[in-house]
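These notes are about the structure you will find just below.
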Amino acid sequence: MHKFAILCKFIPDHPPSSTVPPPSKSLKVLLFAQLFGNPWMKGICGCKFSSKRVNLLTWAVGLGADVTMDLNTPVQYLKGVGPRYAMLLEKLNIKTIRDLITHYPIRYEDRNNFMSISDIPSRTYVTIRGKFQTVENVSTRRPNFILTKAVFADPTGGVVVTWFNQKFKLAEITKIIGKPVILYGFAEESNFHIEIKSPKYELESEDQVNVGGIVPIYPCTEGVDGDRLRKIVHKAVKEYANLIEEDLPKDIREKYSLMAKRDAIVNIHFPSDNETMEKARRRLVFDELFEIQLGLAERRRIFSAPGKGIAFAFPPNYKKELKEVIPFELTEAQKRCIREILSDMTKNMSMNRLLQGDVGSGKTVVALAAMLFCIRNGYQAALMAPTEILAGQHYISLSNMLSNLGLFDVHVYLLKSSMRAAGRRETLKAIENGTANIIVGTHALISEDVVYNKLGLVIIDEQHKFGVLQRGKLKDKGDRPDVLVMTATPIPRTLTLMVYGDLSVSVIDEMPKGRKPVITHHKTKEEREKVYEGLKKLLNRGEKAYVVCPLVEESENLQAKAATELFEDLKETYLAGYKVGLVHGKMKGEEKDAIMKAFRSGDLQVLVSTIVIEVGVDVPNANTIIIEDADRFGLSQLHQLRGRVGRDGGQGFCILISDAITEESKQRMEIMTKTCNGFEIAEEDLIMRGPGEFTGTRQSGLDGLKIANILKDQGILEETKEAATELVAKNPTLAGEECLCLRNNLLKNLEKFNLVSIS
Ligand code: ADP
Ligand code: MG
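Take 3 as the starting number for the sequence shown in my numbering and just add one per residue.
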């Protein structure tokens, strides 16, 4: 038994528990006998070289061993694959047989249009049933250039089939002369006969994989061509699809008219007709989305369980105080969002809410309302921002607004990574002993040594800039505090369900009164001088402006260098004599603070910057932004950058300088000049770049989608949400045989769901 266990360990990917074959026939026993009877083999047994393991297994298979293969067996053991091809398949993320049969086609080719040879028109793809009659290699006038020519005929006539420089075709075709064959290719008239170059063909007596039906086209890679891959997938589907587990309970399958999983796998690869293919696709898309929605539904259920959070009470004077601290009339949307948030906070469950609002829609004061509510209940509130500039700015504006209370009982503290040791020590002490009511900071808020006294509310600004771990850590610093995440990245409506399916969402869909849309122009590099001439006129009138340097994605160092160069250049050329400042990510915290302060106060007229100003920076009376080489930025980034201006009711201007060479960059410039609506822009971005690329959703469950298309499969997405919510309500622990697969998948995917969630 002991030795048997060693062997199980020794054969990769075969957990002993899953398939222990009957001892008399099993490969493992066979191997065992072979190995342990042979002292040399004994030595190898303990070694870790996988190539040797592979060889051993191959060798054992060669000896006629009865290998128990299953869906988790590495593909290399599949007949016709082998270690070398397996390595190529790995590039397509295909490691096991399961991966192979869930490597779905990207499209299909209809090779089903059977025709008699006499009916073939010129220049069409055709499928013919017939026989090869003759074949020969013909030399051509060009040296080293061989033409293989065959005649292929059916009862109505014949066509000439040719291959260039594939000498081996001669032998291959000779072998099948006279046998019934199905042939597919592009027919063209040439010298009064029909010719088909390099067709695909298969014996009628064998399974047709590449011709004669709806043929799947797979994503391929170098060294893996479609025909061979198709053959291997076909073999795997034929032999192993029956091992595929049915992972949806029967009532769900019936309610949503879903095909059985096994049938879906077979028919997604080799459908008999389009309708069956669509049905198979529907089932698999449903599975994929359902898995995600199930995870999200489970989270929703956990979070909405009562008794697991702080039930804040309405503080006396709250409304009056709020009026005092906020210096303007709130928009209706802001009021609604505040109501929604406070309603969550008063319940005795943890709040898990997303506040979504376009740049400049006024999320900060909504956060302030929630924080005031929290601290008046005797708890601490923490606000985490992605950059030091932004944290500093929040600190200043919150302190300013709260000072309107005229009392000195609210203490706002700022915690950053770049702080002097003494200041940091003092701040930490205040946080620990509870003197600090509101703590604003960067990810410094989650450092080991920060101990909160009584953390009741966690707010994360521009949440997409943070990793999940960071977000979760801040939450863990308290005892089930309420969580509010804020984002200016307008997630298209199509995606909210997917990405934030487990959060409640509040949307600020209205701009503060008097806010005018930023006027956006697209200028070429040739017009650059004119642009700066225009800017100087504005500066002479006392206005302020940002200039954003071209995006360098490679590294922050290069980015800083680019900004410095642009800064030096502008100071010497177009903006000579004006007060120009520079800010980039490589600067020390204090340096950045000083520059931002100077820009805010008007000591600087122009701020040259990298995209560090992309998020949240709020200098109300800076009304112009010039973006150099604008085509290097994505749409969402451009929109965020543009959101820096026109914030105090003045008219904002945004100038995009770019020669926009590619079609796509032209389109981006056009969209920017056409609309100022963040949601519209996000939808366009989604269409242009696809969900995987979408800012802020990277790392979300979206990346893993193999077959579902978020834009196309909206309907199924809704259905899966409904089905998942229902199932979780009915069977919260996913108990029972029918839910076994779902339960296992859920456990496996827990990490993935963490990525989408905030907690
Ligand atoms: P964002 O949603 O991009 O974080 P901010 O919270 O920074 O936006 O607000 C943008 C600007 O609009 C700030 O200067 C803020 O003071 C101002 N603001 C917010 N709400 C209102 C309002 N209801 N009326 C007038 N100005 C407002
Ligand atoms: Mg903001």
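All residues carry an ideal CB built from backbone N, CA and C; glycine is no exception.
How is Leu748 classed by DSSP in three states: helix, strand or coil? Leu748 falls in the helix class under three-state DSSP.
Quick one: using the 10 Å Cβ neighbour count with 16 as the cut-off for buried, is Asn350 buried or exposed? Only exposed fits Asn350, as fewer than 16 other CB atoms lie within 10 angstroms of its CB.
Under a CB-based cut-off of 8 Å, is Thr126 close to chain B? Any reference to chain B falls outside this structure, which holds one protein chain only.
Using only the alpha-carbon positions, how far apart do Leu183 and Leu172 sit? In the sequence as displayed, the identity of residue 183 is Val instead of Leu. So the two alpha carbons sit approximately 16 Å from each other.
Taking the C-alpha atoms as reference points, what is the distance between Phe375 and Val554? Their backbone Cα atoms lie some 42 Å apart in a straight line.
From what residue to what residue does the beta strand (DSSP E) around Ile462 run? Taken as a continuous stretch (DSSP letters only), the beta strand (DSSP E) holding Ile462 covers 457-462.
Hey, how far is the Cα of Leu476 from the Cα of Arg482? Using only the alpha carbons, I get a separation of about 11 Å.
What residues in its chain sit with their C-beta under 6 Å from that of Ile800, if we drop five residues either side in the sequence? What is shown of the chain runs 3 to 761, which leaves residue 800 out entirely.
Could you check which residue in Asp661, Asp595, Gly516 has the C-alpha nearest to that of Gln653? Comparing alpha-carbon positions, the option among Asp661, Asp595, Gly516 lying closest to Gln653 turns out to be Gly516.
Tell me whether Phe375 sits in a helix, a strand or coil according to DSSP, three-state version. Annotated three-state conformation of Phe375 is helix, per DSSP.
Give the DSSP-derived three-state secondary structure of Cys741 in the structure shown. Cys741: helix per DSSP, three-state reduction.
Backbone secondary structure at Lys30 - three-state DSSP: For Lys30, the predicted model reports a pLDDT of 48, less than 50, meaning its position is unreliable and no value from the coordinates is stated.
Top-ranked residue by Cα proximity to Glu191, from Tyr534, Ile343, Pro123, Val452: The shortest C-alpha to C-alpha distance from Glu191 to any of Tyr534, Ile343, Pro123, Val452 is the one to Pro123.
Going by beta carbon distance, what residues of the same chain come within less than 8 Å of Ile169, once the five residues before and after it are set aside? Before going further, note that residue 169 is Lys rather than Ile in the sequence given. Only Asn139, Ile148, Thr150 meet the Cβ criterion.
I need the boundaries of the beta strand (DSSP E) containing Val791, first residue and last residue. What is shown of the chain runs 3 to 761, which leaves residue 791 out entirely.
So, using beta-carbon positions, are Val582 and Val608 closer together than 8 Å? At the C-beta level, Val582 and Val608 come within 8 Å of one another.
When the Cα atoms are used, what is the spatial distance from Gly480 to Ala266? Rounded to the nearest angstrom, the two C-alpha atoms are 47 Å apart.
I need the DSSP call for Ser611, collapsed to helix, strand or coil. Ser611 sits in a strand when the DSSP states are folded into three classes.
Limits of the unbroken beta strand (DSSP E) element including Leu486: Run containing Leu486: 484-489, per the beta strand (DSSP E) assignment.
Uninterrupted beta strand (DSSP E) stretches inside the stretch 615-680 (no shorter than 3 residues): Secondary structure remark: continuous beta strand (DSSP E) runs of at least 3 residues inside the stretch 615-680, in chain order: 624-629, 655-659.
With hydrogens ignored, establish whether the beta-carbon of Thr366 is closer than 7 Å to any heavy atom of the ligand MG. True, at least one ligand heavy atom lies under 7 Å from that Cβ.
Contact the stretch 569-589 vs the stretch 536-553: 3+ CB pairs below 8 Å: Output reads yes: the stretch 536-553 touches the stretch 569-589.
Close-in-space but distant-in-sequence residues of the same chain around Gly84 (CB under 7 Å, 5 per side omitted): The beta carbon of Gly84 sits closer than 7 Å to the beta carbons of Gln78 from its chain, once the five residues preceding and following it are set aside; these are given in chain order.
Using three-state DSSP, classify Tyr203 as helix, strand or coil. Residue state, collapsed to three classes: strand.
Who are the near neighbours of Phe655 in its chain, counting only those whose CB is closer than 6 Å to its CB and skipping five residues on each side? So the qualifying residues of the chain are Ile521, Thr626.
In terms of residue numbering, what span does the beta strand (DSSP E) encompassing Thr164 cover? Secondary structure note for Thr164: its beta strand (DSSP E) is the uninterrupted segment 159-166.
Pick from Val361, Thr444, Leu459, Pro388 that is closest to Ala313, judged by C-alpha positions: The residue with the shortest Cα to Cα distance from Ala313 is Leu459.
Can you tell me which residues form a DSSP beta bridge with Met386? Its beta-bridge partners are Gly443, Ile462.
If you draw a straight line from the alpha carbon of Leu417 to that of Val442, how long is it in whole angstroms? If you draw a straight line from the Cα of Leu417 to the Cα of Val442, it is about 6 Å long.
Between Gly48 and the rest of its own chain, which residues show a CB-CB distance below 6 Å, the 5 nearest in sequence each way excluded? For Gly48, the pLDDT reaches just 37, beneath the cut-off of 50, and the residue's location in the model is therefore unreliable, although a value from the coordinates is still provided. Residues of the same chain with their beta carbon placed closer than 6 Å to that of Gly48 are lacking, with the five preceding and five following residues left out of the count.
Assuming contact is defined by CB atoms lying nearer than 8 Å, are Leu291 and Ala710 in contact in what I supplied? Yes, these two residues count as a Cβ contact at 8 Å.
For Arg649, is the beta carbon positioned less than 7 Å from some heavy atom of the ligand ADP? Yes, the Cβ of Arg649 comes within 7 Å of a heavy atom of the ligand ADP.
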